[in-house]
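**Student:** As you go down the protein sequences, you meet chains A and B in turn.
In terms of my numbering, the first sequence opens at residue 3 and continues consecutively.
In terms of my numbering, the second sequence opens at residue 3 and continues consecutively.
Where is the CB? At the ideal position from N, CA and C, for every residue including glycine.
Computed from a prediction, not measured in an experiment: that's the story for all the values here.
Number of protein chains: 2
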Amino acid sequence: MRQKAVFYHAGCPVCLDAERQLAQSLDPQRYEVEIVHLGEARERVREAEAAGVKSVPVLLLGGIPLHINFGADIADLH
Amino acid sequence: MRQKAVFYHAGCPVCLDAERQLAQSLDPQRYEVEIVHLGEARERVREAEAAGVKSVPVLLLGGIPLHINFGADIADLH
Chain A
3 MRQKAVFYHA GCPVCLDAER QLAQSLDPQR YEVEIVHLGE ARERVREAEA AGVKSVPVLL
63 LGGIPLHINF GADIADLH
Chain B
3 MRQKAVFYHA GCPVCLDAER QLAQSLDPQR YEVEIVHLGE ARERVREAEA AGVKSVPVLL
63 LGGIPLHINF GADIADLH
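(1) By the three-class DSSP mapping on this structure, what secondary structure does Ala112 (chain A) have?
(2) Ile76 (chain B) versus chain A: which residues are under 9 Å apart at the beta carbon?
(3) Does any CB atom of chain A fall closer than 8 Å to the CB of Ser57 (chain B)?
(4) Would Pro30 (chain B) count as contacting chain A if we go by Cβ distances under 8 Å?
(5) Alpha carbon to alpha carbon, how far is Ala7 (chain B) from Arg22 (chain B)? Give it in angstroms, no decimals.
(6) Compare the C-beta of Ile66 (chain A) against all C-beta atoms of chain B and say whether one is closer than 8 Å.
(7) Output, in chain order, the set of chain B residues within a Cβ distance shorter than 8 Å of Val63 (chain A).
(8) Using beta-carbon positions only, say whether Ile70 (chain A) and Ala50 (chain A) come within less than 8 Å of one another.
(9) Check the C-beta distance from Phe9 (chain B) over to Ile37 (chain B) and give it rounded, since I have them as a contact under 8 Å.
(10) With a threshold of 8 Å between beta-carbons, can Ala20 (chain A) be considered close to chain B, or not?
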């Protein structure tokens, strides 16, 4: 069974680069990647924060947030 | 042909988490990942800096450095 990974972003240029480079590079045999634009799905900001997300873009992999470069602070997305 | 990706780290706990979570999660059909411990291969610090690496752990993917969380500043690895 594939493990779920979540890529949270906010539409910023840094976010889109990271999505293209990283979120689409995971092994599709092992990971199912959900892409979430927090600027459009603000109701999911709290879910991201609860998972330990501090900034976007971020890849939540195995429940661990991997913050990638820096696009925006999660606090600015409320 | 597989694309080369380089994961630079410095043996720190944040680095090892990122390696386990991310470097080993890329699609092996598309990526060949080289793991470089800059604390042990200091001669490669300049190569990483030339690629735009500012801190470790970092994944160099398609020539773009994706800094993951923050373990150590590259300047401290000289």
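**Tutor:** This is what the structure holds:
(1) Nothing can be reported for residue 112 (chain A), as the shown portion of chain A is limited to 3 through 80.
(2) Here the premise fails: no neighbours, minimum Cβ distance about 14 Å.
(3) no
(4) yes
(5) 15 Å
(6) yes
(7) First, the amino acid is wrong: residue 63 (chain A) is Leu here, not Val. Correct list: Gln23, Leu24, Ser27.
(8) no
(9) 5 Å
(10) yes
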